[in-house]
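**Q** The structure follows.
In the working numbering, the protein residues as written are 1 to 574.
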């Protein structure tokens with residue numbers, strides 16, 4: 001088995017690298033899209049997780065809110081039941097007496113509210129049920145013990161019944177204005193009392209504006225009436241009402257003491273959940289959450305209990321932690337994907353650079369072979385022509401050496417530009433430099449800056465060398481007064497015309513036989529330049545016109561193009 005050579009190793013490395021890069025081609029095409037897509041997917045998973053957490057938390061809050069609602073409703077009904085029990089006790093007591101005296105009322109109330117606990121009520125009152133005709137006599141009787149007692153408002157004779165308040169406990173600045181007030185004169189109170197008489201049980205009124213306190217403020221509240229019945233002459237008759245007034249907000253606060261304090265907002269509506277039917281509202285700051293409604297019955301009256309949960313923030317703590325973790329994870333994934341795609345892009349660049357370098361090496365090898373072939377062909381032609389024209393070995397050696405130096409001079413010019421281009425002025429100057437020494441000026445040169453391709457530059461250098469050598473031997477440069485005028489210009493797009501004109505030299509005649517220089521210029525140079533050379537032997541001096549193609553210069557960094565593109569260039573790279 002043969003050992004693996006270095007080119008084989010290079011091919012194996014290039015092949016493995018090519019295979020890896022091709023596998024990553026789909027990843028390399030979107031170096032920014034993939035990290036963003038992975039971040040978007042991670043964000044979507046995070047958002048779905050947060051939504052699931054928030055949904056579970058919302059369901060948990062709704063269940064807890066329903067539990068809270070049950071406790072709140074139970075607390076309200078319990079407070080109402082406690083007051084109703086006291087009213088029932090008062091109704092039994094007052095129903096067993098023909099007359100209720102102030103001491104008896106005070107003693108009874110002190111027994112019920114001995115510790116000052118009114119269970120959300122302002123107090124308790126007694127109002128007898130009278131016929132309108134009985135009111136004046138009743139008023140006179142009460143004034144015997146209470147001189148300031150007066151029934152108000154003025155009696156409406158269209159009504160048959162009056163229920164003036166006689167006793168109120170505790171008697172203070174808040175409850176004193178109610179003494180003597182005919183509660184049957186007000187429609188809401190009258191409707192509740194009629195319903196209590198009909199059903200013979202405690203009945204609550206709708207929302208009422210209670211009397212003003214010492215600060216002059218009016219409180220929204222309600223009353224619960226308990227009818228009192230007595231037996232007279234074997235008949236059961238309605239004697240009056242034991243009642244309790246309630247401030248709605250204080251009643252709600254008293255009920256709140258029976259359930260655990262929670263971050264819930266509570267509102268109580270009478271009959272319907274409408275703003276004008278609002279009885280009490282326990283407002284809490286914060287963002288509104290889930291809410292629930294429940295209908296409860298308090299003293300024969302339907303209330304709507306509305307509770308709303310409060311939240312301290314837009315998201316729960318677990319959601320915030322999940323969101324933060326998801327964002328950090330997404331950024332890490334995006335950064336990792338960015339590093340991977342960046343590495344893939346760098347591998348792609350390295351591969352493209354290696355591919356370009358391989359193309360350059362191939363192009364340079366092909367170009368070098370072409371140049372060596374051309375140079376050897378020129379050298380062989382020069383050797384052949386020089387041998388045929390030389391009369392002895394010294395003449396052959398001198399002519400061959402001079403011509404090879406001309407080729408070398410042009411080679412030096414091209415080497416300085418990495419074999420990409422050479423200016424016509426530099427080519428001409430390098431070939432005629434030996435005849436411009438010692439400050440003598442026998443040569444005039446003029447023309448614009450025109451660059452030639454390497455092969456064209458070599459051919460032009462040979463032609464100028466032969467013309468200069470011939471002028472030095474037989475023409476204008478062999479005399480002190482002789483001059484050579486060399487000019488060049490663009491005669492047409494892509495064609496430069498180089499004009500050689502000798503002046504002041506010996507008279508020129510058409511040579512009898514063709515020399516090597518003439519053959520070199522008219523055959524080799526014309527063939528290489530692919531254009532006709534005009535060489536004339538005029539009496540005043542030799543004149544030569546060279547038509548040189550000006551082709552596009554191809555630099556080495558452009559030689560990595562595909563072969564199909566290289567063939568489209570206007571001239572071969574060699």
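From the three backbone atoms N, C-alpha and C, an ideal C-beta is built for every residue, glycine too. If you're wondering where the values come from, they're calculated on a predicted model, not measured in any experiment.
(1) Hey, how far is the Cα of residue 353 from the Cα of residue 344?
(2) Compare the beta carbon distance of residue 487 and residue 446 with 8 Å and say whether it is the shorter of the two.
(3) Smallest Cα separation from residue 221: which of 240, 236, 189 and 202?
(4) Could you give the DSSP three-state label for residue 169: helix, strand or coil?
(5) So, with DSSP's three-state summary, where would you put residue 423?
(6) Among 443, 543 and 82, which has the Cα closest to the Cα of residue 258?
(7) Compute the distance between the beta-carbons of residue 123 and residue 170, then report whether it is under 8 Å.
(8) What residue ranges within the segment 457 to 527 form continuous alpha helix (DSSP H) runs of no fewer than 4 residues, ordered along the chain?
(9) Could you work out which residue in 93, 497 and 543 is closest to residue 531 when comparing CA atoms only?
(10) So residue 302 and residue 271 are supposed to be a Cβ contact under 8 Å. How far apart are they, rounded?
(11) Express the C-alpha separation of residue 243 and residue 250 in angstroms, rounding to a whole number.
(12) Assign residue 435 to one of three DSSP states: helix, strand, or coil.
(13) Which class does residue 33 belong to by DSSP, given the choice of helix, strand or coil?
(14) What are the boundary residues of the beta strand (DSSP E) that residue 279 is part of?
(15) Can the beta-carbon of residue 508 be found less than 8 Å from the beta-carbon of residue 464?
(16) Return the CA-CA distance between residue 450 and residue 346, expressed in angstroms with no decimal places.
(17) For residue 529, which three-state DSSP category applies?
(18) Would you grab the beta carbon distance between residue 63 and residue 316 for me? Rounded to a whole angstrom, and I think it's under 8 Å.
(19) Please report the residue range of the beta strand (DSSP E) in which residue 297 lies.
(20) With DSSP as the reference, label residue 259 as helix, strand or coil.
(21) Rank 80, 120, 318 and 467 by C-alpha distance to the C-alpha of residue 46 and give the top, closest one.
(22) Nearest by alpha-carbon distance to residue 521: which of 104, 396, 470 and 136 is it?
(23) Does the segment 132 to 139 come into contact with the segment 148 to 168, if we say contact requires no fewer than three beta-carbon pairs (one atom in each stretch) closer than 8 Å?
(24) If I measure Cβ to Cβ from residue 197 and keep anything under 7 Å in the same chain, skipping five residues before and after, which residues do I get?
(25) Helix, strand or coil for residue 400 per DSSP?
(26) Judging by CA-CA distance, which residue of 529, 536 and 503 is the nearest neighbour of residue 518?
(27) Please report the Cβ distance between residue 95 and residue 235, rounded to the nearest whole angstrom; I am assuming they are in contact, meaning their Cβ atoms lie under 8 Å.
(28) DSSP three-state label for residue 209, please.
(29) What did DSSP end up calling residue 147 once you bin it into helix, strand or coil?
(30) From residue 484 to residue 538, what does the alpha carbon distance come to, in whole angstroms?
(31) Taking C-beta to C-beta, are residue 43 and residue 289 nearer than 8 Å?
**A** According to the data block:
(1) Taking the straight line from one Cα to the other gives about 14 Å.
(2) If you check the CB distance, residue 487 and residue 446 come in under 8 Å.
(3) Per the C-alpha coordinates, the member of 240, 236, 189 and 202 positioned closest to residue 221 is 189.
(4) Strand.
(5) Annotated three-state conformation of residue 423 is strand, per DSSP.
(6) Taking only the C-alpha atoms, the option nearest residue 258 is 82.
(7) In contact: residue 123 and residue 170 (Cβ atoms closer than 8 Å).
(8) Counting whole runs of 4 or more residues, the segment 457 to 527 contains the alpha helix (DSSP H) stretches 516 to 519.
(9) That would be 497, whose Cα lies nearest to the Cα of residue 531.
(10) About 6 Å separates the two Cβ atoms, so the contact holds.
(11) Taking the straight line from one Cα to the other gives about 17 Å.
(12) Of the three classes helix, strand and coil, the one that applies to residue 435 here is helix, per DSSP.
(13) Three-state result, residue 33: helix.
(14) 278 to 282 is the span of the beta strand (DSSP E), which, as asked, contains residue 279.
(15) Not a contact, by the Cβ cut-off of 8 Å.
(16) Distance between the alpha carbons of residue 450 and residue 346: 41 Å.
(17) In this structure, residue 529 counts as helix in the three-state DSSP scheme.
(18) That belief does not hold up - the Cβ atoms of residue 63 and residue 316 are roughly 15 Å apart, past 8 Å.
(19) Boundaries of the beta strand (DSSP E) harbouring residue 297: 287 to 298, taken from the DSSP string.
(20) Looking at residue 259 - three-state DSSP - the assignment turns out to be coil, as it is neither helix nor strand.
(21) Considering only 80, 120, 318 and 467, the residue with the shortest C-alpha distance to residue 46 is 318.
(22) When each option's Cα is compared against that of residue 521, the closest is 470.
(23) At 8 Å Cβ cutoff, the stretches touch.
(24) Cβ within range, chain order: 227 and 238.
(25) Under the three-state reduction of DSSP output, residue 400 falls in the helix class.
(26) Comparing alpha-carbon positions, the option among 529, 536 and 503 lying closest to residue 518 turns out to be 536.
(27) Separation of the CB atoms of residue 95 and residue 235 is rounded to 13 Å, and the pair is thereby denied contact status at 8 Å.
(28) Of the three classes helix, strand and coil, the one that applies to residue 209 here is strand, per DSSP.
(29) The answer is coil: DSSP assigns residue 147 none of H, G, I, E or B.
(30) If I take the Cα positions, the gap works out to 14 Å.
(31) Against a cut-off of 8 Å, the Cβ pair of residue 289 and residue 43 comes out as no contact.
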